[in-house]
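Data first, discussion second: the structure below is written as structure tokens.
Protein chains in written order, with the numbering used here: chain C, 1 to 356; chain V, 1001 to 1348.
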């Protein structure tokens, strides 16, 4: 695998190399099985960029995010944060780095203590790291509340008094308290109503511009991810199948899974919806405990071929014979598909309806 | 006769301390082969309205006014025994989370045959083979074997298919689907929507689709009602609604969602504030506190649904009507400035 990995970019804040995370399942007399939640992923998060990590449930995207923050112990591979290998670092060695990397969650309610007022919740990281106390901390809390668009009196209130969007603002204020470089945002807007979603997306963008933040933005909603990301990595069953900058990925996806995923996202415009071609994948996501051999997507791929797909794992690579512009995809037949030499299996592509 | 006709439906919930006015007078009708969308955010009353129609409201919920006529007969006035015969046979419902509506201790085959035998005059064997045919119809592989599986042995998408199979078992004339794909992954959502489209087309079924997702509505609904704080604020043929949204809330929703085909250049315009508290009944427009177009009239007087002025032939009456409940509908110039509707597909 090592020969397939492109060298780290010099401007990478985070470098992830052949990262693996396997969970053991079972016990109590049952045979133990291993779920390969993340099974060899390599990518960089560049300083100041937003890297979107998309995929469907169970693809391992959340696990990648948590492993980067070392909330999980990686099974194999390397995580390099700002030049420092943290894959094997001890809790103590990690502590000074923890300030620089923060996480925000889908449901801020479950990550806030219901008995702690918002002011104390935001001040807590400052105290834990010995950065501010007393009136100094209070001042910082007021400052942070203002930054995320909450009134100063929010400090004396409790999480249940806030709506979902406001709670996400509290979560953001707390994660900003330590002036981090990297924020891993795991589905930060997917629990919110659409009218509120936009408020938080805009806030994330404004904060990035103001504080030079780097985001790893993990979500299943491709429309949101495309909107906020500079580059996007697409995951399927523990592997990255494609990485490209956001516009390239949308305009010219190379991996059949990326194509199917893009074509399945509904667009709020009836005329566009009618004129689009839809690739309907058959079947379900296979279990990550027993992933298919060869290319993991081959059981659902509309372009699956009798050779190579079943038994040879495709590597993430630029397409041969064309300008890649950093786009890499893990498909043996990406060139043939793009050039139209391979046709999708019958019945899997729903052609656009004739427009009236 | 109209297949299903809802008129001025009102529903409220009482708790010891307060009353929540969840649905405050909505009207719509559906015909065979038609797909109707009801779109709104959480708490707007969109789910409650259909639970009320089927008589399955929570115990503290009460229909306080209006009618719901199915083939001319008012479901809300009907004795329970009659309603039970219609529910599940002529009208069926699919919910967001299939796990809560399937019985975990009975096999899927048992649950399917139960529905068939309750409503249709068939013996056990015929019901069994019909159950298998239904699972095949909704695209479940190895349908014969899967009849003896329990709900937890199915994946989320397959479970939703089982729910749809149960709902369509008696060939209902109306299917109400409440966020049927919200809990599913997007590639699975595409499969389920394709299945629903196909059912409407081939069985001439009427589909009422309740969702928060404007993209889903755009892809499948003929007509769409936008709901806010228990009322419809705008209703129009789906094409017209997306091309010419006139209610500030509809306009706001469209500008706040990121579009896959728009990319970074699109600046999201959130709707300020948060949805209103439904324990009070405002004298004016419920959206006024969040609305940039609100005037004194918006606060004083409740706007009713009226045909949109100057929208040409489609602004007219009947099924093509475009209605908006607003004292100050969004002016054309603002739609153009926001790049809404026609001429929006520049990017891609």
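All C-beta atoms, glycine included, are put in the ideal place defined by N, C-alpha and C.
- In this structure, the alpha-carbon of residue 1274/V lies about 8 Å from that of residue 196/C.
- In this structure, the straight-line span from the alpha carbon of residue 1022/V to that of residue 1059/V is close to 14 Å.
- Residue pairing by DSSP places residue 38/C opposite 21/C in a beta bridge.
- At least one C-beta of chain V is nearer than 9 Å to the C-beta of residue 278/C.
- Using a Cβ-Cβ cut-off of 9 Å, residue 1227/V does not count as an interface residue toward chain C, since no Cβ of chain C sits closer than that to its own.
- In the three-state scheme derived from DSSP, where H, G and I count as helix and E and B as strand, residue 211/C is classed as helix.
- When the five nearest sequence neighbours on each side are left out, the beta carbons in the same chain lying within less than 6 Å of the beta carbon of residue 61/C are those of 53, 55, 218, 235, in order along the chain.
- Using a Cβ distance threshold of 9 Å, residue 13/C and residue 284/C do not count as a contacting pair.
- Under the Cβ criterion of 9 Å, residue 129/C is not counted among the residues facing chain V.
- At a cut-off of 9 Å between beta-carbon atoms, residue 1042/V makes contact with chain C.
- At a C-beta separation below 9 Å, residue 247/C has these neighbours in chain V: 1263, 1264.
- With the rule of 3 Cβ pairs closer than 8 Å, the stretch 1162-1180 of chain V does not count as touching the stretch 254-265 of chain C.
- Chain-ordered, the chain C residues with CB closer than 7 Å to the CB of residue 1213/V read 266.
- Beta bridge pairing from DSSP links residue 239/C with 236/C.
- Of all alpha-carbon atoms in 1235/V, 1255/V, 1249/V, 1266/V, the one lying nearest the alpha-carbon of residue 1285/V is that of 1249/V.
- Residue burial annotation: residue 1267/V is exposed, with fewer than 16 other C-beta atoms found within 10 angstroms of its C-beta.
- When the alpha-carbon of residue 158/C is set against those of 188/C, 142/C, 269/C, 112/C, the nearest one is in 112/C.
- DSSP places residue 1116/V within a helical segment (H, G or I) once states are collapsed to three.
- Spatial neighbours of residue 17/C in its own chain (CB-CB distance under 7 Å, excluding positions within 5 residues in sequence) are listed in chain order as 5, 42, 77, 78.
- The beta-carbon separation of residue 1330/V and residue 1245/V, rounded to 7 Å, stays under the 8 Å limit for a contact.
- By the 16-neighbour rule on beta-carbons within 10 angstroms, residue 1071/V is exposed.
- Close partners of residue 124/C in chain V (Cβ separation under 9 Å) are lacking, with about 26 Å as the shortest Cβ gap.
- Leaving aside the five residues that flank residue 1014/V on each side, the residues in its chain whose CB is nearer than 6 Å to its CB run, in chain order, 1060.
- Within 8 Å of the CB of residue 1158/V, the CB atoms of chain C belong to 284, in sequence order along the chain.
- With a threshold of 9 Å between beta carbons, residue 224/C makes contact with chain V.
- Note on residue 168/C: 16 or more other CB atoms within 10 angstroms of its CB, so buried under the neighbour-count rule.
- The contact set of residue 250/C on chain V, defined by CB atoms closer than 9 Å, consists of 1260, 1261, 1263, 1348 in chain order.
- Of all alpha-carbon atoms in 1012/V, 1303/V, 1003/V, 1079/V, the one lying nearest the alpha-carbon of residue 1279/V is that of 1012/V.
- The DSSP assignment places complete alpha helix (DSSP H) segments of no fewer than 4 residues inside the stretch 1051-1122 of chain V at 1080-1086, 1098-1101, 1108-1119, in order along the chain.
- Listed along chain C are 198, 202, each with a C-beta nearer than 9 Å to that of residue 1269/V.
- With contacts defined by Cβ atoms closer than 9 Å, residue 1034/V and residue 1223/V form a contacting pair.
- By the beta-carbon neighbour count (other beta carbons within 10 angstroms, threshold 16), residue 1272/V is exposed.
- For residue 1168/V, the closest of 1264/V, 1024/V, 1137/V by C-alpha to C-alpha distance is 1137/V.
- Closest option to residue 1082/V, judged by alpha-carbon separation, among 1055/V, 1303/V, 1002/V: 1055/V.
- With contacts defined as CB atoms closer than 9 Å, residue 1226/V and residue 1209/V fail to qualify as a contacting pair.
- Excluding the 5 residues flanking it on each side, residue 324/C has same chain C-beta neighbours closer than 8 Å at 318, in chain order.
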